[in-house]
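Before any comments, here is the structure.
Here's what the structure looks like:
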């Protein structure tokens, strides 16, 4: 099922969030909790205990525990062989890291920015997991979200309309109006998108986003798409955050809405994304952001 998400462009995704699948990770942690407890020490000093040293550089018990938990979450069994394999992998990584530093290749890595991004991703995961502990996603919540999505996609029926659309994204209203003028004068949508669209992910494909459902689109876009016929585009540019958008509907088709049971994982992600969207909106309203 197509899901409502949050973004500053037409198709949504907390990027990156290559989005963090926090619910899945949280479930996995619950499933392996008893097994992982025997694999990790409750003593907070575990992070300072070493399982090995490589040329005098320690590999901590805490790092080993993180890798062991990840392996157990993926369905592997806690065995002496698995533990030995993880330890050897960590030793090998440390050897590679030391060799990279020795060759001076570490200077080619923007390590501080990489660390900042990793920290932010981990903080995002912690935020979501804390929210889910306090507000568990029950089966009733999933059913409520399913009915809401079903109503949005197909007006309560089991069929949903999908649109094959293309987009042109511009930085100012004046540029967007001028672009509409080009389209009205006969320039093809694909040609104009390749020349002026700011969206590097789609401009080389003539702005094509492929087949999408209304729930995958930001609401101002979804409202307009439903009014356009095949081949039509909006004559009035749509403001979306700091950009102006022109959408063309290339084609439409009907598709069957998946059953509730088949949609549960996507419904969980939709609820999580809605929570993140609300949180970000609240934080941005309270923050002083200078660009």
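Residue numbers (my numbering): 50 to 340.
Beta carbons: idealized from backbone N, C-alpha and C, even for Gly.
Fewer than three Cβ pairs drawn from the region 143 to 159 and the region 259 to 277 lie within less than 8 Å of each other, which leaves the two stretches out of contact. C-alpha of residue 262 to C-alpha of residue 141: approximately 46 Å in a straight line. Look at residue 186 here: in three-state DSSP terms it is coil, with no helix or strand label. Look at residue 278 here: in three-state DSSP terms it is coil, with no helix or strand label. Residues of the same chain with a CB within less than 8 Å of the CB of residue 125, apart from the 5 flanking positions on each side, are 131 in chain order. Within a 10 Å sphere around the beta-carbon of residue 189 sit fewer than 16 other beta-carbons, which makes this residue exposed. The distance from the Cβ of residue 214 to that of residue 241 is about 15 Å, inconsistent with a contact at the 8 Å cut-off. In the three-state reduction of the DSSP assignment, residue 216 falls in the strand class, which pools E and B. The secondary-structure analysis by DSSP pairs residue 305 across a beta bridge with 208. Taking 8 Å as the upper bound for CB-CB distance, residue 269 and residue 289 are in contact here, some 6 Å apart. Residue 100 is bridged by DSSP to nothing; it lacks a bridge partner. For residue 222 and residue 271, the gap between their C-alpha atoms comes out near 20 Å.
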